[in-house]
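Peer 1:
Number of protein chains: 2
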Amino acid sequence: MEGDPTLCLRIFDLNCWAIRYLSKRRQERVRLIGDTLRQDGFDLVLLQEVWSEQDYSDLRVKLAGCYPFSHYFRSGVIGSGLCVFSRFPILDTLLYQYSLNGYPYMLQHGDWFCGKSVGVSVGVTAPLLSLSLQLHAEYCREKDAYLPHRLVQAWELAQFIRHTSKAADVVLLGGDLNMHPEDVGIRLLRGWTGLRDAFAEATRFEGCKNGCTLVPDNCFTDKSELLPFPLGIRIDYILYKAISSFTVKCEELKTTTGPAAGTDIPFSDHEAVMATLHIQRRGQPVGATLGTAGLADVVTEARTEVGVGLRAARRQRYSSGRMAVLALLLLLLQAVAALGTLAGLGAEQPFPKLSFCLLAFLALGVLVLAAGLHLFHTMEVKMLHGTEDQMWMALRALQERP
Amino acid sequence: MEGDPTLCLRIFDLNCWAIRYLSKRRQERVRLIGDTLRQDGFDLVLLQEVWSEQDYSDLRVKLAGCYPFSHYFRSGVIGSGLCVFSRFPILDTLLYQYSLNGYPYMLQHGDWFCGKSVGVSVGVTAPLLSLSLQLHAEYCREKDAYLPHRLVQAWELAQFIRHTSKAADVVLLGGDLNMHPEDVGIRLLRGWTGLRDAFAEATRFEGCKNGCTLVPDNCFTDKSELLPFPLGIRIDYILYKAISSFTVKCEELKTTTGPAAGTDIPFSDHEAVMATLHIQRRGQPVGATLGTAGLADVVTEARTEVGVGLRAARRQRYSSGRMAVLALLLLLLQAVAALGTLAGLGAEQPFPKLSFCLLAFLALGVLVLAAGLHLFHTMEVKMLHGTEDQMWMALRALQERP
Numbered sequence: 001m002e003g004d005p006t007l008c009l010r011i012f013d014l015n016c017w018a019i020r021y022l023s024k025r026r027q028e029r030v031r032l033i034g035d036t037l038r039q040d041g042f043d044l045v046l047l048q049e050v051w052s053e054q055d056y057s058d059l060r061v062k063l064a065g066c067y068p069f070s071h072y073f074r075s076g077v078i079g080s081g082l083c084v085f086s087r088f089p090i091l092d093t094l095l096y097q098y099s100l101n102g103y104p105y106m107l108q109h110g111d112w113f114c115g116k117s118v119g120v121s122v123g124v125t126a127p128l129l130s131l132s133l134q135l136h137a138e139y140c141r142e143k144d145a146y147l148p149h150r151l152v153q154a155w156e157l158a159q160f161i162r163h164t165s166k167a168a169d170v171v172l173l174g175g176d177l178n179m180h181p182e183d184v185g186i187r188l189l190r191g192w193t194g195l196r197d198a199f200a201e202a203t204r205f206e207g208c209k210n211g212c213t214l215v216p217d218n219c220f221t222d223k224s225e226l227l228p229f230p231l232g233i234r235i236d237y238i239l240y241k242a243i244s245s246f247t248v249k250c251e252e253l254k255t256t257t258g259p260a261a262g263t264d265i266p267f268s269d270h271e272a273v274m275a276t277l278h279i280q281r282r283g284q285p286v287g288a289t290l291g292t293a294g295l296a297d298v299v300t301e302a303r304t305e306v307g308v309g310l311r312a313a314r315r316q317r318y319s320s321g322r323m324a325v326l327a328l329l330l331l332l333l334q335a336v337a338a339l340g341t342l343a344g345l346g347a348e349q350p351f352p353k354l355s356f357c358l359l360a361f362l363a364l365g366v367l368v369l370a371a372g373l374h375l376f377h378t379m380e381v382k383m384l385h386g387t388e389d390q391m392w393m394a395l396r397a398l399q400e401r402p
Numbered sequence: 001m002e003g004d005p006t007l008c009l010r011i012f013d014l015n016c017w018a019i020r021y022l023s024k025r026r027q028e029r030v031r032l033i034g035d036t037l038r039q040d041g042f043d044l045v046l047l048q049e050v051w052s053e054q055d056y057s058d059l060r061v062k063l064a065g066c067y068p069f070s071h072y073f074r075s076g077v078i079g080s081g082l083c084v085f086s087r088f089p090i091l092d093t094l095l096y097q098y099s100l101n102g103y104p105y106m107l108q109h110g111d112w113f114c115g116k117s118v119g120v121s122v123g124v125t126a127p128l129l130s131l132s133l134q135l136h137a138e139y140c141r142e143k144d145a146y147l148p149h150r151l152v153q154a155w156e157l158a159q160f161i162r163h164t165s166k167a168a169d170v171v172l173l174g175g176d177l178n179m180h181p182e183d184v185g186i187r188l189l190r191g192w193t194g195l196r197d198a199f200a201e202a203t204r205f206e207g208c209k210n211g212c213t214l215v216p217d218n219c220f221t222d223k224s225e226l227l228p229f230p231l232g233i234r235i236d237y238i239l240y241k242a243i244s245s246f247t248v249k250c251e252e253l254k255t256t257t258g259p260a261a262g263t264d265i266p267f268s269d270h271e272a273v274m275a276t277l278h279i280q281r282r283g284q285p286v287g288a289t290l291g292t293a294g295l296a297d298v299v300t301e302a303r304t305e306v307g308v309g310l311r312a313a314r315r316q317r318y319s320s321g322r323m324a325v326l327a328l329l330l331l332l333l334q335a336v337a338a339l340g341t342l343a344g345l346g347a348e349q350p351f352p353k354l355s356f357c358l359l360a361f362l363a364l365g366v367l368v369l370a371a372g373l374h375l376f377h378t379m380e381v382k383m384l385h386g387t388e389d390q391m392w393m394a395l396r397a398l399q400e401r402p
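Here it is, written out as structure tokens:
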């Protein structure tokens, strides 16, 4: 950004909800997104939930003229769904996969299979670090079983940003954080990194009330989910931070409001977020970090939730381990009985062969499943425990800070 | 490091081979390691393969006086085995888990279960970034099936170092890289990060010939593995790099040579590596990075190997998918036959019930296993493909460099 007194950067962020076979009118919407992006000429486009590589390839071909640089982040079974299009060169990319991301056996909540990650692209008029990401979904706000996993992700993300952003001038984060603005995860992420919320900082705002990105007016949203929130909820964010001797100011923030211009359908079940940032050299970045005391409170709150998750994971590890041991015992018992019969010890076979075999296979199945679960929950315990430790170290460092 | 003209830093690195129930004379050796560390007073101790948290706790208690700061990195099913002890405060830690790390069904090669990672500790007379790590083991040098995984790890490690080290003054890496000095993975890591090899740079060296750390003289090493290398091999390294306006010089490098002083056993099956570094302000760091052309060659070589791994992973994904489909077809066929019999279509049951049931359970078992394998290899393909893409991007950037 040398010799450029004010750089105006226009950013587009959208959770595209492009799941093959499942998302309604997917191909039509992807075409629509591509057309709009080509027309509007943003500088940087951060997309999430582009699960099909074919959709990405189609977009890339369509946008090659105005966004010559792009990257698709691959991970997990299905993919990360993240991609970035840019008018400026992307010099380097990096993928960071969260260590915890739901449970493989919760097939109805497909998060585990997506390998949710944060995709980092460096460059775009370097040194600008832009991150596109999505955190674990919240399926039930009242009884949010995934809160500890989402907090581990928010913590890992915050740590990752702290460690990778030091040489950047500006950090930009766009994505579906699956958290309301006042949630502990958002406060942790913002407090620990100093990232600022474009919605809160914008000089002008235009779009859905309160900046909501999941609104009942959108024909694709699940109305029952939004019943407690008649205005909708805000879970998609553009966050930013100036490092070194730059300042960033959000001049304008917009969200889409339902159907795209000239059509009857919106881009996605989420609304798009569009920000215009002014980046200037000189001047110290305005510190938006929470004070040490406020930050310690947030980290303590997050650590308590991670602790709750840790205890739950330990219980599940114990139950699955006990189940595996019981199944193993049953199998051994059957083996002894079978050997006894073979050796002619028993006068006759006491069980019908068919039930005996069925039982053995059932026990084997339970053993394999329970052992798999035990392994999985052991990993979960390690990661939650590790995060709790890291947060404790952070708290200690905060207390020792003058 | 302000106001400190020359800082002398003594580092100890050891793969401890402390696997519960499997490693010979483990407790005795861990005690010995603790005693030596307490006596010798290093500044920074990087240990690998401390698989038991109990061993870490014992070491921590013993070393609390001389190394008041320590951290144990938790990950995977068993743990990462990594820990760090330091005479200076550890300000922050971060764990980066490699996206690929062997196969869960290769139980005899336990790498997958360890969740191999790189543990980063920041601080220790900040800003010094120290990394402790271990890469995937090499089980057969002639037919090294894990080479693509190890290369993905080396690449991720190099990228991780590039992105996290920018604000550090000095980067220090100690660990068991499971690669010979001339291997493509080491050349990739060193070329892409500019890290320098303490053994090659040391003013004085004392220890096993050629700096070997796996030597036939050690009573715990597998002699048959070392047959092609009568002097031993060097796979444990201390690498370092000065950033900003510092210079680092390796004054002395030492390795242990078999039995520890006053005993009949060595610390581990690996030899320990000990370096004395002199860190000085002023002066430009001596560039040890390969020239652009040399670097492009290394990245190309590594990318070719990753491509070989990608094709193998695709084949395995295809075979496991086909196997799952066949098992599913068999199950469906059986279901149709059973329903037919129930509906009284067939005059009599053509198969004995027991074999019928056994076959069904067998098909079900094969289906579950093959589907699991298919998922696993799908993830493997994604990660190898993603790394290949990143390397291609790196090559493009290298070619465009003046």
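Protein chains in written order, with UniProt numbering: chain R, 1 to 402; chain F, 1 to 402. Every residue gets a Cβ at the ideal spot worked out from N, C-alpha and C, and that includes glycine.
1) Got a sec, what are the start and stop residues for the alpha helix (DSSP H) V61(R) sits in?
2) The beta strand (DSSP E) spanning R204(R) covers which residue range?
3) Check whether the Cβ atoms of E156(R) and Y237(R) lie closer than 8 Å to each other.
4) For S99(R), would you say it is in contact with chain F, using Cβ-to-Cβ distances shorter than 8 Å as the test?
5) Check whether the Cβ of S320(R) lies closer than 8 Å to any Cβ atom in chain F.
6) Got a sec, what are the start and stop residues for the beta strand (DSSP E) H71(F) sits in?
7) Going along chain R, which residues have a C-beta under 7 Å from T93(F)?
8) When you compare each of A145(R), A324(R) and I161(R) to T364(R) by their alpha carbons, which one comes out closest?
9) Cutting at 7 Å between CB atoms, please list the residues of its own chain near E206(R), excluding the five before and the five after it.
10) Once you ignore the five residues that flank F69(F) on each side, which residues in its own chain have a CB closer than 6 Å to its CB?
11) Against chain F, does S75(R) count as a neighbour if the rule is that its beta carbon must be under 8 Å from one of theirs?
12) Return the bridge partner residues of N15(R) from the DSSP annotation.
13) Does DSSP put V170(F) in a helix, in a strand, or in coil?
14) Within 10 Å of its beta-carbon, does Y318(F) have 16 or more other beta-carbons around it, so buried, or fewer, so exposed?
15) Would A296(R) pass as an interface residue toward chain F - the criterion being a Cβ-Cβ separation below 8 Å?
16) When burial is assigned at 16 or more other CB atoms within 10 Å of the CB, is W392(F) buried or exposed?
17) Kindly say whether F199(R), judged by its beta-carbon, lies nearer than 8 Å to any beta-carbon of chain F.
18) Flag A302(F) as yes if its beta-carbon sits less than 8 Å from any beta-carbon of chain R, otherwise no.
19) Just to check my reading of the structure: Q48(R) and D144(R) have Cβ atoms closer than 8 Å, yes? What is that Cβ distance to the nearest angstrom?
20) What does G386(R) touch in chain F if you count any residue whose Cβ is under 8 Å from its own?
21) At a CB-CB cut-off below 7 Å, which residues of chain F make contact with F361(R)?
22) G79(R) versus chain F: which residues are under 8 Å apart at the beta carbon?
23) So the beta strand (DSSP E) K241(R) belongs to, where does it begin and stop?
24) What are the start and end residues of the alpha helix (DSSP H) that includes H180(F)?
25) Tell me the DSSP secondary structure of E400(R) in three-state form.
26) Comparing C-alpha positions only, which one of R31(F), T300(F), Q280(F) and H71(F) sits nearest to E251(F)?
27) Identify which residue in V30(R), V84(R), V215(R) and T292(R) has its Cα closest to the Cα of T256(R).
28) Would L375(R) count as contacting chain F if we go by Cβ distances under 8 Å?
29) At what residues does the beta strand (DSSP E) containing V298(R) begin and finish?
30) Measure from the alpha carbon of Y56(R) to the alpha carbon of each residue in R322(R), L362(R), L94(R) and W17(R), then state which is nearest.
31) Would H270(R) count as contacting chain F if we go by Cβ distances under 8 Å?
32) Would you kindly work out how many angstroms separate the C-alpha atoms of P285(R) and P181(R), rounded to a whole number?
33) Spell out the partners DSSP gives E252(F) in its beta bridges.
34) What three-state label does DSSP hand V84(F) in the structure shown?
35) Helix, strand or coil for F246(F)? Go by DSSP, reduced to three states.
36) Short check: CB of F220(R) to CB of K353(R), under 8 Å?
Peer 2: Taking the coordinates as given:
1) E53 to L63
2) R204 to E206
3) no
4) yes
5) no
6) F69 to Y72
7) Q390 and M393
8) Note on identity: in this sequence residue 364(R) is Leu, with Thr being the wrong assignment. Considering only alpha carbons, the answer is A324(R).
9) K254
10) S86, P89 and I90
11) yes
12) Q48(R)
13) strand
14) exposed
15) no
16) exposed
17) no
18) no
19) So it is not a contact: roughly 20 Å between Cβ atoms.
20) F73, R74, S75 and L95
21) F361
22) K382
23) D236 to A242
24) Per DSSP, H180(F) belongs to no alpha helix (DSSP H) and is neither H nor E.
25) helix
26) Q280(F)
27) V215(R)
28) yes
29) Not the beta strand (DSSP E): V298(R) falls in the alpha helix (DSSP H), residues T292 to L342.
30) W17(R)
31) no
32) Legend: pLDDT at P285(R) = 47, less than 50; position of this residue unreliable, value from coordinates given subsequently. Rounded to the nearest angstrom, the two C-alpha atoms are 22 Å apart.
33) R204(F) and T276(F)
34) strand
35) strand
36) no
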